[in-house]
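Chains A and B supply the protein sequences, listed in that same order.
Following this note's numbering, the numbering of the first sequence begins with 1 at its first residue and continues without gaps.
Following this note's numbering, the numbering of the second sequence begins with 778 at its first residue and continues without gaps.
Note that the Cβ used here is the ideal one computed from N, Cα and C, for glycine as well.
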Amino acid sequence: MTENIKFTVNGNELEAKSGELLIEACEKSGIHIPRFCWHKRLDPVGMCRMCLVEVETPRGKALVPSCTTEITEDLVVDTESAVVTKAQEGILEFLLINHPLDCPVCDKAGECPLQDQTMAYGPGESRFVEEKRHFEKPIPISEIILLDRERCILCARCTRFSDEISGDPLIEFIQRGNKTEVNTFPDEPFRSYFSGNTVQICPVGALTSTSYRFKARPWDLKKVSSTCNCCSVGCSIELNTSQNKMLRILGEDNEFTNQGWLSDKGRYNFDYLHSENRVLNILSKEEDSFSKISISDATEMIKNKIAELDNPNIKFILGSSSTNEEYFVINEIANYLNKDKFLSKDSSNIYFGDDLLFEGYFGDQYSQAKLEDLDSSETIVVWAEDIKDNLPILYLRIKKAVKNGSKLIVFGHTNTAIAGLADFYFGKDIVSNKFELIRNPNEIEDLKNNIEGKKVTVITGKSTVFQKKESLDKLINYLNEKAELKVFNSFSKGNTFGALQNIDEVKGLNEFCNEFDTNAKNIVFTIGVNPVNSSYFSQKIKENLIASDFVISLDLFVNETTELADLILPTTSLGEKEGTVTNMEMRVMKQNKILPAPGSTLSEWEYLVSILNVLGENVNYKNEIEINNYLSEQYKNQEKVPTFDNLNKPSNLFGVLNKKDININIKDLKEDNFSLLMVRRLYGDSSTQINSPSISMLGAHKFIELNSTTAKKYGINSKVGNFIQGPNSILINIEINEYLPDDLVIAPINRRGFEDIDPSLDFNITEAKNREELNVN
Amino acid sequence: MKETLLLTKHMRENPENSHLIDVYEKNNGYSAARKVFKENNPGEVIEEIKTSNIRGRGGAGFPTGVKWGFLAEDEERYLVINADESEPGTFKDRILLERDPHQLIEGIIVTSFASNISKAFIYIRGEYAKPARRVQDAVEQAYEKGYLGKNIFDSGKDLDVVVHLGAGAYICGEETALLNSLEGRRGEPRLKPPYFPAVKGLYNKPTLVNNVETISSVPWIINNSGKDYAKLGVEGSTGTRIFSLSGHVNNPGNFEIEMGCSFGEFIDTFGNGIKENKTVKAFIPGGASAPWFTGEMLDIKMTIDDVANAGSMLGSGAVVVMDEDTNLVLAAKSIVSFFAHESCGQCTPCREGTTWLEMILERISSGRGRASDIDLLLDVCDNISPGLAWPPQMTTICPLGPSAVSPITSLMGSFREEVESLLPKKVLINND
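Here it is, written out as structure tokens:
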């Protein structure tokens, strides 16, 4: 640690670390210096000049920007002198002469740094009588972002974010001087997974989101902190509502997880809450159509069905959107209804709806990683499904660590985005097309040199459902033996770790299909999960659900899975329920409620407790707090336990890390021959996304990726083609990706049209010569 | 009074073909380069330059030998020749590039030897197509002769020279903006600190950035001696300097003289007096960025220190003369327009302020001024360059913004009535 040094601001002696930026050191001591371009997560550029202060130099007092000035011993600073005040007032006048001052119709008004700082530091009136600078306003720069260049004050926050943080510099300054503007390159829209962050950090209303534009005034918004559930990173978010409608999600700066940033999916995937397609009443299937029934009729129906079927097999397929409290109740009811009452470990009746779940590396011999471990790792090793698409903020954290000097080693063929950042990319010579490790890890020089005796974090997971555990075991055990290793089991879906923590034993969809006994009587619960779409096992699951005697779905929408149900119990979602979730570091975090449950919807646990009560089991949880209190008792040995109360206190807002035994029981698939590698993309056709109009178009793009040699083999020269398998023919864009090995074709599993494709069967790709390139996305 | 020809001697004696390597060598060319490789170690060359007391000819006038001594140690260091001559009124580097490119290359060879540099760049102004062609040809000739490339002059040392053409931006004459441009980034000045080129320059490596005229002087200093060079001119402004004379004179052009004579003497002797025998109303002593002098100040000596003490700068050595009939408001507007057009747009006060100043001057000069405009002009200037002092304080990142302030403060300082005559009278409103 560097020693604190003394410096003087406005006559008061303060302390700071040597080399700390003046603007930050002052902020910590309660002295606010106005600023536009400076942002604590971006490199300082000193461009807006709003943060000018006077410092004493050997040649007298000088104006310097406090965002680029480092604290030195005995620095003497004046932030309020007449010269400083005049300069700041002058800068604001300059910023305003060409600003349209269209605050009455600007979404930013009310939370606008330009507006606020003009009130605090600016001149009272304008002396500018000439015509202002004009630009066409606003222009769309992507499907979800609009740019109003007249409002822009050229602070370079958006350009720096996309260059330094997300690494896709698609938004840049063009022209110079008074004509300078921010814009995208011709024919190259601002298509980034992280573009929404630029809207959030824009200090004026220049960048706006289509989803929020003209929807509300900031002073009308109700706000609450919560945790995003789009992937297992667990980003801290702020939910903004008005008149009981979710209007906006912002990133909160949580040092431990997202550090202020969000993926666009996390930020914009909320319109579905208010979709007219949402199921708001309990639906019972009679003949072939659904009709509304009451909760008491529904629970009675379940009770009667169980009695009528006489000791049926009752199974649960779970999704990743439940809270820890809900998983806990699911575990209770599953135990209660399991006719074998969990006599042996393998008799669990709970199946988790994620093809890529595997047994993972838990237990005492593996040290579990935290996100902050990435920053102190000398080397980061990745063998997992595509990180940028499935754990986008983890991608940013890795990118940051690499920028600060960590070495990055990437294995396999799915992580092509992160491979671009890698110091060493181990492709086809080391990992076969079937995802077997071809060479012994200790024979790979570049691996050996960068891990032996070093601090290493490994991010590990299945790249495809076909991948055998053996390959990973070989690598992980080698790393664990030779390096100071921390392990991330990168199960990427929402609250997977909450499910693992609160459910005695979890199996996979393959186990569900294998254990399903068509000769027996079967009742299946599906809870927040749509395995009939986007799973390798879709067809089998569909057959099994059809063959079941009674299917109960707890969900938000009628979709491929719930349309097969006999009873649909409509549930609550983000912002409509309270509870905790556990992220990939095992950090327990809080989700808060800000919206009333719409229609007759109830939370999953409320349905399940009602069912238990009707069945005669005396369960008395009245609210989430009671369940949470009960859950928290398991963490008695810790200094703090993840009770709602603890997690709501600002000092501990960011959660409690904990450990618990985890039981995952998943076997390798028998098949290992596949010709098509199907991977999950960030945007897809989930029920929530296709019912969110502001981002639904982002998951519509259909494409495959292959390298140019493979393309030649199929005789493809165009960018458009047909993907053909049996009776299915899909019109696709063809993207050449030279990171891929020969003979490997990648297709998205979560895009419409691909749900009927079987990756273990042959397929063909043909050119679609008479078609222009698809402009679907 | 006569010219003293050091840098322009060769081109004057061989007006047709001074740019060719054979002609240059016939006139003792590349002897300085041969000499240092044979007789000197790098430290001695730096000492010689220090003894000569030559100061940078780009405008700032920083002692060249001291600058060379500052260059931080590193395996890779670069030399960058600033040939982005764009200061209005300045055209001296142009003749050095166009008519004596080998003198520059020889200077680069000696400088690189002194500072242990193996890669040099010549960044030439985009509009200088012919000079750039001449320099490129000369570099190729030097490569053919083995004066550049591997093992130059059989010394065991390597030196590569890259000629790079700018894209038409005045700001790229600012050394850190030049480095950004050379790296393929936007031509915007870097923050100082931390980006002092001698420590963190091109590609973040220690980099010497020197003007064409400065480096072209190096061969003479080596061939003769630092002592001989220091004997020329006056103390603090040693050696000769090429002044570019333009404006309302009878004979504009480049003239190489020892520093120390007065502006009046210079204008009369070489400019052959003012056109139509008019008197001088004002003149710019050192390029468009420099505050103006009035016709009464022609006695000031043409040295770096004398001009600085009188409140301006010798800058790039461009003397622009304005006669008694010049509309100084239009003259100031013309200069301000130039800076507004050339502002990089990076920092607020320069981007917004210079254009605003241009708009106000446009209003005044076209008869649409307001009584409050003088106060407004000065206050906007004050927000770019607080205190309106010389040398300027600045709210900007680089001195381009304050450069646009110079002509306005000059105008308001000595010719305020001329501005006031274009404005309506102030109307006093009695509020009682």
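Sub-9 angstroms separation of residue i and residue j beta-carbons
{"i": "residue 1028/B", "j": "residue 1049/B", "result": "yes"}
{"i": "residue 765/A", "j": "residue 569/A", "result": "no"}
{"i": "residue 457/A", "j": "residue 374/A", "result": "yes"}
{"i": "residue 784/B", "j": "residue 873/B", "result": "yes"}
{"i": "residue 1096/B", "j": "residue 836/B", "result": "no"}
{"i": "residue 529/A", "j": "residue 289/A", "result": "no"}
{"i": "residue 162/A", "j": "residue 128/A", "result": "no"}
{"i": "residue 82/A", "j": "residue 1170/B", "result": "no"}
{"i": "residue 429/A", "j": "residue 450/A", "result": "no"}
{"i": "residue 495/A", "j": "residue 666/A", "result": "no"}
{"i": "residue 755/A", "j": "residue 553/A", "result": "no"}
{"i": "residue 1090/B", "j": "residue 1066/B", "result": "yes"}
{"i": "residue 204/A", "j": "residue 113/A", "result": "yes"}
{"i": "residue 1159/B", "j": "residue 124/A", "result": "no"}
Spatial distance of residue i from residue j (CA atoms)
{"i": "residue 1210/B", "j": "residue 1154/B", "result": "Absent from the model: residue 1210/B. The displayed extent of chain B is 778 to 1209, so no value can be given."}
{"i": "residue 979/B", "j": "residue 35/A", "result": "29 angstroms"}
{"i": "residue 783/A", "j": "residue 363/A", "result": "Coverage of chain A is limited to positions 1 through 777, which leaves residue 783/A absent and any answer about it impossible."}
{"i": "residue 548/A", "j": "residue 752/A", "result": "26 angstroms"}
{"i": "residue 799/B", "j": "residue 1116/B", "result": "42 angstroms"}
{"i": "residue 343/A", "j": "residue 335/A", "result": "With a pLDDT of 47 at residue 343/A, under the threshold of 50, the modelled position of this residue cannot be trusted; read the value that follows with caution. Each residue's Cα considered, the two are about 10 angstroms apart."}
{"i": "residue 499/A", "j": "residue 586/A", "result": "11 angstroms"}
{"i": "residue 776/A", "j": "residue 869/B", "result": "With a pLDDT of 43 at residue 776/A, under the threshold of 50, the modelled position of this residue cannot be trusted, and the question is left open."}
{"i": "residue 190/A", "j": "residue 597/A", "result": "36 angstroms"}
{"i": "residue 1215/B", "j": "residue 1018/B", "result": "In the structure as shown, chain B starts at 778 and stops at 1209, and residue 1215/B therefore has no counterpart that could be examined."}
{"i": "residue 739/A", "j": "residue 33/A", "result": "47 angstroms"}
{"i": "residue 1202/B", "j": "residue 1193/B", "result": "14 angstroms"}
{"i": "residue 787/B", "j": "residue 1008/B", "result": "21 angstroms"}
{"i": "residue 680/A", "j": "residue 657/A", "result": "28 angstroms"}
{"i": "residue 562/A", "j": "residue 262/A", "result": "30 angstroms"}
{"i": "residue 211/A", "j": "residue 143/A", "result": "10 angstroms"}
{"i": "residue 1164/B", "j": "residue 853/B", "result": "42 angstroms"}
Residue environment, residue i, which counts as buried when at least 16 other CB atoms sit within 10 Å
{"i": "residue 1143/B", "result": "exposed"}
{"i": "residue 1076/B", "result": "exposed"}
{"i": "residue 1134/B", "result": "buried"}
{"i": "residue 859/B", "result": "buried"}
{"i": "residue 761/A", "result": "exposed"}
{"i": "residue 970/B", "result": "exposed"}
{"i": "residue 38/A", "result": "buried"}
{"i": "residue 839/B", "result": "exposed"}
{"i": "residue 185/A", "result": "exposed"}
{"i": "residue 1025/B", "result": "buried"}
{"i": "residue 312/A", "result": "buried"}
Presumed contact (8 angstroms Cβ cut-off) between residue i and residue j, rounded CB distance
{"i": "residue 1174/B", "j": "residue 968/B", "result": "7 angstroms"}
{"i": "residue 231/A", "j": "residue 492/A", "result": "5 angstroms"}
{"i": "residue 408/A", "j": "residue 380/A", "result": "5 angstroms"}
{"i": "residue 737/A", "j": "residue 731/A", "result": "Not quite, the Cβ-Cβ distance comes to about 20 angstroms (not below 8 angstroms), so this is no contact."}
{"i": "residue 9/A", "j": "residue 31/A", "result": "6 angstroms"}
{"i": "residue 946/B", "j": "residue 964/B", "result": "5 angstroms"}
**Residue ranges of each alpha helix (DSSP H) within the stretch 627-714 of chain A, 4 or longer** = For the alpha helix (DSSP H) assignment, the uninterrupted runs of no fewer than 4 residues enclosed by the stretch 627-714 of chain A are, from N- to C-terminal side, 644-648, 687-690 and 708-713.
**Message:** Going residue by residue through the stretch 974-1013 of chain B, where are the continuous beta strand (DSSP E) segments of at least 3 residues, counting only ones entirely within it?
**Reply:** You should have 984-988.
**Message:** At 4 residues or longer, what runs of the alpha helix (DSSP H) sit wholly inside the stretch 476-521 of chain A?
**Reply:** You should have 496-502 and 509-515.
**Request:** Can you check the stretch 1085-1127 of chain B for any beta strand (DSSP E) of at least 3 residues that lies completely inside it and give the ranges in chain order?
**Result:** Runs found: 1095-1100.
**Length-filtered (4 minimum) alpha helix (DSSP H) runs lying within the stretch 547-624 of chain A** = Within the stretch 547-624 of chain A, the complete alpha helix (DSSP H) runs of at least 4 residues are 604-614.
**Asked** Along the chain, which unbroken stretches of the beta strand (DSSP E) at least 3 residues long are found entirely within the stretch 280-307 of chain A?
**Response** Secondary structure in the stretch 280-307 of chain A: the beta strand (DSSP E) runs of 3 residues or longer, each lying completely within the stretch, are 283-286 and 289-292 in chain order.
**Prompt:** At what residue ranges does the stretch 1030-1073 of chain B contain a whole run of the alpha helix (DSSP H), taking only runs of 4 or more?
**Reply:** Counting whole runs of 4 or more residues, the stretch 1030-1073 of chain B contains the alpha helix (DSSP H) stretches 1040-1048.
**Prompt:** Fully enclosed by the stretch 133-187 of chain A, which alpha helix (DSSP H) runs are 4 residues long or longer?
**Reply:** Within the stretch 133-187 of chain A, complete alpha helix (DSSP H) segments of at least 4 residues are found at 157-160, given in chain order.
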